[in-house]
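The opening residue of the sequence shown carries number 3 in this note's numbering; numbering runs sequentially from there.
Following: one structure in structure tokens, then a few remarks.
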Amino acid sequence: MYEALSNTKLDVLFFIKKTKLLKNGEAPICLRITVDSARAEIMIKRSVLPNKWNQTKECATANNVAARELNHFIEVYRTKIFKIFRQLEMDGREITARTIADIMQGREDPDKPKTLIEIFSEHNTQVHSLVGVDYAEVTAKKFDTSLLRLKEYLVHQHGTEDIAITAVDNQFVRLYDLFLKTQCGCHHNSALKHLKNLKKIVRIAMANGWVQKDPFFGIKFTEQETHVEFLTKEELSTLINTEFKISQHSQVRDIFVFCCYTGLAFADVKTLKPEHIKEDNEGGLWIRKPRQKTGVMCNIPLIPQALKLIEKYKDHPLCAKNSVVMPVFSNICMNDYLRDIAKLLNFNKPLTCHIARHTAATVVFLANNVSIENVAKILGHKKLQMTQRYAKVLDCSIKRDMENVIKAMNF
Numbered sequence: 003m004y005e006a007l008s009n010t011k012l013d014v015l016f017f018i019k020k021t022k023l024l025k026n027g028e029a030p031i032c033l034r035i036t037v038d039s040a041r042a043e044i045m046i047k048r049s050v051l052p053n054k055w056n057q058t059k060e061c062a063t064a065n066n067v068a069a070r071e072l073n074h075f076i077e078v079y080r081t082k083i084f085k086i087f088r089q090l091e092m093d094g095r096e097i098t099a100r101t102i103a104d105i106m107q108g109r110e111d112p113d114k115p116k117t118l119i120e121i122f123s124e125h126n127t128q129v130h131s132l133v134g135v136d137y138a139e140v141t142a143k144k145f146d147t148s149l150l151r152l153k154e155y156l157v158h159q160h161g162t163e164d165i166a167i168t169a170v171d172n173q174f175v176r177l178y179d180l181f182l183k184t185q186c187g188c189h190h191n192s193a194l195k196h197l198k199n200l201k202k203i204v205r206i207a208m209a210n211g212w213v214q215k216d217p218f219f220g221i222k223f224t225e226q227e228t229h230v231e232f233l234t235k236e237e238l239s240t241l242i243n244t245e246f247k248i249s250q251h252s253q254v255r256d257i258f259v260f261c262c263y264t265g266l267a268f269a270d271v272k273t274l275k276p277e278h279i280k281e282d283n284e285g286g287l288w289i290r291k292p293r294q295k296t297g298v299m300c301n302i303p304l305i306p307q308a309l310k311l312i313e314k315y316k317d318h319p320l321c322a323k324n325s326v327v328m329p330v331f332s333n334i335c336m337n338d339y340l341r342d343i344a345k346l347l348n349f350n351k352p353l354t355c356h357i358a359r360h361t362a363a364t365v366v367f368l369a370n371n372v373s374i375e376n377v378a379k380i381l382g383h384k385k386l387q388m389t390q391r392y393a394k395v396l397d398c399s400i401k402r403d404m405e406n407v408i409k410a411m412n413f
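Here it is as structure tokens:
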């Protein structure tokens with residue numbers, strides 16, 4: 003056991019892996035580095051017969067040249083570890099078992115600590131390689147945006163393009179939050195998402211032993227409740243029954259209304275294919291499709307009004323070309339046309355693709371007594387809390403429940 007001036011304790015142990023014998027009967031020798039309570043193990047590419055190894059002395063016991071050379075190699079290895087330890091201490095760097103192991107294996111320059119942008123970039127590369135497997139494309143793009151914001155912050159606040167991961171402390175996090183809100187124009191919840199992405203990178207660094215202290219300690223993430231915008235029953239009826247002179251307006255209206263009937267988000271209705279429509283044992287048709295954003299499966303029963311729209315567009319050129327169910331324009335075009343429609347109908351609220359999903363959750367489902375648990379399944383929500391925010395804005399459900407109270411108290 004070696005204890006440094008900083009009270010950091012280093013322990014080095016050489017031992018053999020008896021359970022992983024080589025073909026020649028020898029056991030590989032393993033090195034375990036322990037700094038305080040954290041461990042890292044590496045193979046030293048040497049082996050010895052199990053009966054020729056003294057674990058107490060951590061050396062070979064045979065009286066021959068090979069054994070003496072092996073013991074000398076082990077002592078040189080041990081000495082090198084202590085030198086690295088002392089050098090890290092002298093440089094004022096964070097000392098971890100993983101850092102020492104990486105330097106021993108040539109995976110890290112002892113004079114070059116891991117940097118924030120380096121780790122974040124490596125993380126994003128991995129995320130992009132897993133798009134379609136563990137991540138959606140939109141998630142990968144969000145991490146890219148967070149990385150871009152972080153680079154801007156480093157230049158603005160520190161005058162550099164990168165910084166050692168060990169330099170990320172509590173003040174760094176709080177000033178980054180301030181930068182996001184004042185310089186980038188992020189609202190509270192948007193800034194929170196960038197901070198959560200940064201926290202993920204910090205956790206990766208901590209798991210690898212590159213950082214010991216959590217810079218997020220004492221910082222709580224609390225989302226602010228946002229206003230849920232949706233069409234009223236009357237507005238939805240007006241939208242459905244209006245005859246538009248421009249065909250694109252009618253087409254966009256139909257897609258919006260289809261989303262109101264199904265709860266699909268823009269990315270999901272755009273990629274909805276015939277194979278996503280399944281028939282149950284009773285002949286009913288369902289949309290069974292994983293959400294683009296989260297991968298959570300949506301189970302959506304198709305009501306007659308939605309089926310009518312599918313039938314209307316089954317031979318549309320865009321549907322045939324892209325093998326999709328609905329002829330959906332790009333998100334920008336859809337929202338442009340929806341803004342035109344909102345003006346034509348004198349709606350005093352913004353009309354966007356996502357408002358259709360909000361309208362589905364509130365006016366179409368919850369207001370018509372669909373249970374909140376089933377609404378969560380239809381929308382593909384991971385947590386019931388996500389669905390509950392829609393229930394909060396509906397006064398009709400409160401009124402309906404209170405009518406039952408009035409009836410019960412009428413005696």
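Backbone N, C-alpha and C fix where the C-beta goes; we use that ideal spot for every residue, glycine too.
Just so it is clear, the structure is predicted and the values come from calculations on it, not from any experiment.
Practice prompt. Measure how close the beta-carbons of residue 14 and residue 80 come, nearest whole angstrom, since I'm counting them as under 8 Å.
Written response: On the sequence shown, position 12 is the one that residue 14 refers to. On the sequence shown, position 78 is the one that residue 80 refers to. Going by Cβ atoms, the distance from residue 14 to residue 80 rounds to 6 Å, so yes, they are a contact pair.
Fill in: Residue span of the beta strand (DSSP E) that contains residue 97, given as start and end
Walking along the sequence shown from the start, residue 97 turns up at place 95. No beta strand (DSSP E) contains residue 97, which DSSP labels as neither H nor E.
Discussion item. Going by C-alpha to C-alpha distance, which of 56, 54, 44 sits closest to residue 105?
Written reply: In the sequence shown, residue 105 corresponds to position 103, counting from 1. Of the candidates 56, 54, 44, the one whose C-alpha sits nearest the C-alpha of residue 105 is 44.
Item to complete: Below 8 Å on the Cβ atoms is my guess for residue 151 versus residue 196; work out the distance and round it to an integer in Å.
Response: What you label residue 151 is simply residue 149 of the sequence shown in a count that begins at 1. What you label residue 196 is simply residue 194 of the sequence shown in a count that begins at 1. The pair is a contact, with the Cβ atoms about 5 Å apart (cut-off 8 Å).
Item to complete: Report the residue from 192, 242, 185, 232 whose alpha carbon sits nearest the alpha carbon of residue 307.
Response: Here residue 307 is taken as the residue at index 305 of the sequence shown, counted from 1. Considering only 192, 242, 185, 232, the residue with the shortest C-alpha distance to residue 307 is 242.
Worksheet item: Excluding five sequence neighbours on each side, which residues of the same chain lie with their C-beta closer than 7 Å to the C-beta of residue 171?
Response: Sequence index remark: in the sequence shown, residue 171 carries index 169 (1-based). Cβ within range, chain order: 217.
Practice prompt. Starting from the C-beta of residue 7, find all residues in its chain whose C-beta is less than 8 Å away, skip the five residues before and the five after it, and write them out in chain order.
Written response: Counting from one through the sequence shown, the residue named residue 7 turns up at place 5. Confidence at residue 7 is low in this model, with a pLDDT of 49, below 50, so the placement of that residue should be treated as unreliable; the coordinate-derived value is given next. Excluding positions up to five away in sequence, the list reads 91.
Worksheet item: Between residue 10 and the rest of its own chain, which residues show a CB-CB distance below 6 Å, the 5 nearest in sequence each way excluded?
Response: Residue numbering aside, residue 10 sits at position 8 when the sequence shown is read from its first letter. Excluding sequence neighbours, residue 10 sits near 97.
Discussion item. Between which two residues does the beta strand (DSSP E) holding residue 15 run?
Written reply: The sequence position of residue 15 within the sequence shown is 13, counting from 1. Run containing residue 15: 11–18, per the beta strand (DSSP E) assignment.
Worksheet item: Can you list, in chain order, the stretches of the alpha helix (DSSP H) that have 4 or more residues and sit fully within the segment 143–225?
Response: 172–184, 190–209
Worksheet item: DSSP on residue 248, reduced to helix/strand/coil?
Response: Here residue 248 refers to the residue found at position 246 of the sequence shown. Three-state DSSP puts residue 248 in coil, outside helix and strand.
Worksheet item: How would you call residue 253, buried or exposed, if buried means at least 16 neighbouring beta carbons within 10 angstroms?
Response: Looking up residue 253 in the sequence shown gives position 251. Classification of residue 253: buried, given that the 10 Å Cβ count is 16 or more.
Item to complete: Evaluate residue 249 with the Cβ neighbour count: other Cβ atoms within 10 Å of its Cβ, from every protein chain shown; 16 or more gives buried, anything less gives exposed.
Response: Looking up residue 249 in the sequence shown gives position 247. The residue in question, residue 249, is exposed, as its Cβ has fewer than 16 Cβ neighbours within 10 Å.
Discussion item. I believe residue 155 touches residue 181 by the beta-carbon criterion, under 8 Å. Please report the beta-carbon distance rounded to the nearest angstrom.
Written reply: The residue you call residue 155 lines up with position 153 of the sequence shown. The residue you call residue 181 lines up with position 179 of the sequence shown. With 8 Å as the limit, residue 155 and residue 181 qualify as a contact, their Cβ atoms being about 5 Å apart.
Worksheet entry | alpha helix (DSSP H) segment containing residue 319, residue limits | Along the sequence shown, one-based indexing puts residue 319 at 317. Here the alpha helix (DSSP H) through residue 319 covers 319–324.
Worksheet item: For residue 29, which residues of its own chain have a beta-carbon under 8 Å away from its beta-carbon, when the five flanking residues on both sides are left out?
Response: Stepping through the sequence shown from its first residue, residue 29 is reached at position 27. So the list reads 18, 19, 20, 22, 23, 49, 50, 51, 52, 55, once near-sequence residues are dropped.
Worksheet entry | Distance between beta carbons of residue 225 and residue 360, contact taken as under 8 Å | Taking the sequence shown and counting its residues from 1, the one referred to as residue 360 is at position 358. Taking the sequence shown and counting its residues from 1, the one referred to as residue 225 is at position 223. That belief does not hold up - the Cβ atoms of residue 360 and residue 225 are roughly 17 Å apart, past 8 Å.
Worksheet item: When the Cα of residue 337 is compared with those of 354, 328, 347, 78, which residue comes out closest?
Response: In the sequence shown, residue 337 corresponds to position 335, counting from 1. Considering only alpha carbons, the answer is 354.
Fill in: Inside the segment 27–95 only - beta strand (DSSP E) runs reaching at least 3 residues
29–37, 40–50
Practice prompt. Reducing DSSP to helix, strand and coil, say where residue 436 ends up.
Written response: There is no way to answer for residue 436, as the model of the chain reaches only from 3 to 413.
Worksheet entry | Length of the line joining the Cα atoms of residue 372 and residue 146 | Counted from its first residue, the sequence shown places residue 372 at position 370. Counted from its first residue, the sequence shown places residue 146 at position 144. Approximately 38 Å, taken between the alpha carbons.
Worksheet item: How big is the Cα-Cα spacing for residue 294 and residue 138?
Response: Walking along the sequence shown from the start, residue 294 turns up at place 292. Walking along the sequence shown from the start, residue 138 turns up at place 136. Rounded to the nearest angstrom, the two C-alpha atoms are 6 Å apart.
Worksheet item: Thinking just about the alpha-carbon of each residue, which of 198, 209, 233, 301 is nearest to the one in residue 266?
Response: In the sequence shown, counting from the first residue as 1, residue 266 sits at position 264. Nearest C-alpha to residue 266: 301.
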